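Single-structure report; data block below.
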Amino acid sequence: MNEQELWRLMRRVRDGKMSRRAFARRMAAFGITAPMATQLLTFAGVSPASAQSVPAYRPTRRGGGGHLKILYWQAATLLNPHFAVGTTNQDASRVFHEPLAGWAADGTLVPILAAEVPSIENKGVAEDGRSVTWKLKRNVKWHDGEQFSADDVLFNYEYAKNPQIAGTTSGSYRDVNVVKVDDFTVRVEFARPTPFWADAFVGAVGLMIPKHLYKDYAGANAREAPANLRPVGTGAYKFTSFAPGDLLRGEAFADYHTENRPYFDTMEIKGGGDAVSAARAVLQTGDYDYAWNLQVEDQTLQRLEAAGRGRVNIVEGGSVEFIQLNATDPNREVDGERSHISTQHPAFRDPAVRRAMALLVDRQSIQNFIYGRTGPATPNFLNAPPRFRSPNMTMEFSVERANQILDQAGWARGSDGIRAKDGVRLKFLYQTSINAPRQRTQQIIQQAARRAGIEIELKSVVASVFFSSDVGNPDTYGKFYADMQMYTTTMPQADPQRFMNQYTSWEVSQKANSWQGRNIVRWRNDEYDRAYRAAEGELDPVKRAALFIRMNDLIVGSNHVIPIVQRPLVSASLNNLRPVLSGWDTTMWLLRDWYRET
Amino acid sequence: MTQYVIRRLLIAIPSLLGISVILFTVLALAPGDPFEELATNPAIPPEVRLQLRASLGLDDPIHVRYIAWLTSMLRGEWGYSFVSRIDVDRLILQRLPTTLIVIGTSQVVALLIALPVGVLAATRPYSLFDKIANTLAFIGFSLPTFFTGLLFILFFSIYLDWLPFVYRTQIEATGWRWFWEQVKQTIMPVMVLGLFQGAAWTRFVRSAVLDVIRLDYVTTARSKGLPERTVITKHVVRNALIPVVTLVALQMPVVFGGAIVTEQIFRVPGIGSLLITAILSNDTPVIMAVTFVFACLVVFFNLLADVIYGWLDPRISYR
């Protein structure tokens, strides 16, 4: 099916000539899943049937659900969403603070403080892509009884982008302009046509703090605001107590703006300990209702699940574990900098070597023996939402083919069995952070490579060092002073624009930007750059998706990046708990809809 | 005596300064920063991380940072945690009660085990009781706490389902029920730590008593016709306990320092778990404060042990 045909069908649905269901069936015939079909429809200006993205909420009154106990093996340390470093803090602040809209599991927006999700047909999104107008709910009260209004939204914009505050949300606000239209309408304006407008005020970066409590602390004294530790938000649960690094408690907010919510009277999030015993506390002893982010081997989870008390929830997101083959030479120093962008990797500049490396990564075994359900093998770097997934990439594991390719390319085995050509030996340093599954993956690849005459030296670095921004340290992943490295990169939004900038030429990680550039593999490609620039301004969603798919094919096709497995979110809950989870937003994104089946 | 204490306190100042310099330099030289999670999140531009580093003063040279830390410390400002942006002293005070309850009780349990068992074993050396006590003590201090902790959890929580293995600071109950819940959740961590410490102390008490019990003055006391009980309690134990008291006094800082492994296993929000999370997230002000307080306590209790020693044993004089 080509693009024109797709558009024709979608217009028919929009004009009421074709039913939504018929469209979905038609799409299924082409291998397009129902959520994706719905997605396509929203692009054509057809609003999705409402209850589709979020499971039905059954309780018929507010409260009465008792106590909800959630267990995190990493404890929250602060509750101001603009200071949140990492997901635990974002989750904890999400209990009390809400954004205008959140991301559902299928990658669609769900209005929370907004009255509706802006779209072209409700005139929320401007035709030229230069602004988006949010209409706010009128019945929203802060926990202290004050009215929530456009002034609060405007305040959050000013607060987040203020450099004195050094908020972690600033990236989403510094390039936009926000105007108050009336007391319950705000407009976000962009300098250029922006197809991805759902960043500011949405999801983890969009959590609202009240103006009336923070206005005196909107500068260098931001840390001293009393509300940082006694948050006042609009959420379904209001604050009871908080011990940083240990326990957070909340109780149902009687004036919550959505009816019949929340279900639980009180809730708590306990932090600390380790992932395995957290899984145990839910699946085996049933002491807790929900355990977050269980980075535990699947075999262990299956054994615990056998107790029959709870189940493991696996929610797809965009995180991917992948290998980078350095495009530059990590062993030559230019201007006091190794892996300098002006150099070329002596072995990886040969496409045959990169192709062979990709053939030597046994993704299926890595999935089967290491990650199980928690890491499905993937040939793509960009995996989700489904509309952006490339159908063109394949994954193959074949030592034989790798040998063949290397033989043909003239890399001959020496007396020690290691291949070499023109004095360059295929001997690579392969680094990653310390984490049991990663070390096992390294070994699997090392063994396969040995059979193809490639020697791999393994190196593992403590995570807090590997991922640090410490300019003085040679072992950070940003410096990439190794031939190969492996880690997981996360995709926090259901849109790949931010995600895919990590292979653009202007993002190359180097001394000049204190190794903060996101293109760590230092691969450059003109076509990729052009496609990325085009996608940034492309307002036609179908064409834009095609551009991102092309980008994925370019970087993965170059074999400088070898995707291994996807990393979905894994959590555990009791059998009778109905949590609403999403891979595109924080765990607590729709805590108001959690309930217990009785 | 007073002169001696003053002199010791004055000597303590340079040694504490030295400790703080070493701690600070080691922490500053240690690689990494608290923003690991920001690094892999593409939604956060790298400038934000650099800005954060700069706002926390992480980019200043070490000596500038040290002097800034020292001067604010002398003014009584402990700085604030990079991770939670809360004043460090508040964080520590929040953790102190739990630490004192759990670790303090475990030390008391250890003493309650070590004293009677050690003394009894020493008065009947190589008897069946002594042999059993010895064997158990050996087993006790050769099993690491993380192992006994897991063993306890598997047996009492998972297999028997009697005790909870997640420690909760706030129990919604009042009166006796609250107390009962509190006992139930405290018993495992306290026992793990108490048995370990108790085993080591039992051996120590036994050998201390054995040393004394063979001395001539004990024989004299016996030949005077004093009942055995009086000989043991009044003459033997009193003297034998002098080294034990020193040992216990030196152990006291640990009560404040918490027990890292055990707290982590049972999710006890004590100072030990505060320290380990701070170390893992490179939260320098918290690590600095906890370790420095610990250093002060060690110096203080050393002094206290010396003073008590002289008070217990008048043969020792201070000049």
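Chains as they are written, first to last, in my numbering: chain A, 48 to 645; chain P, 1322 to 1640.
We treat Cβ as the ideally placed atom computed from N, Cα and C, and that holds for glycine.
Bear in mind the structure is a predicted one, so any value in this text is a computation, not a measurement.
A:PHE395 places its beta carbon less than 7 Å from that of A:ARG401. The C-beta distance from A:THR305 to A:ARG639 rounds to 6 Å, short enough to fall under 8 Å. Distances from the alpha-carbon of A:ALA152 to those of A:TYR575, A:ILE361, A:GLY110 and A:LYS208 put A:ILE361 closest. Note on P:TRP1501: under 16 other CB atoms within 10 angstroms of its CB, so exposed under the neighbour-count rule. Interface residue (Cβ-Cβ distance to chain A less than 7 Å): P:ILE1407 is classified as such. Look at A:ARG350 here: in three-state DSSP terms it is helix.
For A:GLU363, the secondary structure class from DSSP, reduced to helix, strand or coil, is coil. Between the alpha carbons of A:ASN606 and A:GLY292 lies a distance of about 42 Å.
By the 16-neighbour rule on beta-carbons within 10 angstroms, A:ASP199 is buried. As computed with DSSP, A:ALA131 is found in no beta bridge at all. Straight through space, the alpha carbons of A:THR633 and A:GLY364 are spaced by roughly 11 Å. Two segments are said to touch when three or more pairs of C-beta atoms, one from each, lie closer than 8 Å; by this definition the region 415 to 425 of chain A touches the region 343 to 354 of chain A. For P:ASP1354, the nearest CB of chain A lies under 7 Å from its own CB, placing it at the interface with that chain. Going by DSSP, A:ILE117 is part of the beta strand (DSSP E) stretching over 114 to 119. DSSP places A:ILE503 in the strand class (E or B) of the three-state scheme. For a Cβ distance threshold of 8 Å, residue set ILE1407 of chain P lies close to A:LEU276, ordered along the chain. Just measuring C-alpha positions, the residue of P:LEU1421, P:GLY1425 and P:PHE1459 sitting nearest P:GLY1439 is P:PHE1459. The Cβ neighbour count for A:GLU380, taken over all protein chains shown within 10 Å, is under 16; the residue is labelled exposed. Less than 7 Å divides the Cβ of A:PRO626 from the Cβ of A:TYR337.
Between A:LEU118 and A:ALA326, the CB-CB gap reaches or exceeds 7 Å.
Within the region 1383 to 1415 of chain P, contact with chain A at the beta-carbon level (separation under 9 Å) is assigned to TYR1401, SER1402, PHE1403, VAL1404, SER1405, ARG1406, ILE1407, ARG1411, LEU1412 and GLN1415. The beta-carbon of A:ASN520 is placed less than 7 Å from the nearest beta-carbon of chain P. The Cβ atoms of P:VAL1582 and P:GLY1515 do not sit closer than 7 Å to each other.
Residues of the same chain with a CB within less than 7 Å of the CB of P:LEU1536, apart from the 5 flanking positions on each side, do not exist. From the listed residues P:LEU1330, P:ALA1521 and P:VAL1607, the smallest Cα separation to P:LEU1432 is found for P:ALA1521.
P:VAL1530 sits away from P:HIS1556, with the two beta carbons spaced by 7 Å or more. Chain P places a beta carbon closer than 7 Å to that of A:VAL512, counting this residue as a contact. Counting C-beta atoms within 10 angstroms of its own C-beta, P:ALA1389 has fewer than 16 neighbours from the protein chains shown and is therefore classed as exposed. Shortest Cα-Cα distance from A:ALA247 to any of A:ALA274, A:ALA161 and A:SER288 involves A:ALA161. By the criterion of at least three beta-carbon pairs nearer than 8 Å, the region 171 to 190 of chain A is in contact with the region 214 to 232 of chain A.
Listed along chain A, the residues sitting closer than 8 Å to P:ILE1479 by beta-carbon distance are ARG327, GLN331 and THR332. In terms of Cβ geometry, A:THR287 and A:ARG296 form a close pair [threshold 7 Å]. Within the same chain, Cβ atoms closer than 8 Å to the Cβ of A:PRO240 are found at ASP175, GLY176, ARG177, GLY584 and LEU586, the five residues on either side in sequence being excluded. Distance from P:ASP1482 to A:THR332 at the Cβ level is roughly 7 Å; contact confirmed, criterion being Cβ atoms closer than 8 Å. Boundaries of the alpha helix (DSSP H) around A:ASN450: 446 to 455. In this structure, A:ALA122 sits near A:GLY318, with a CB-CB distance shorter than 7 Å.
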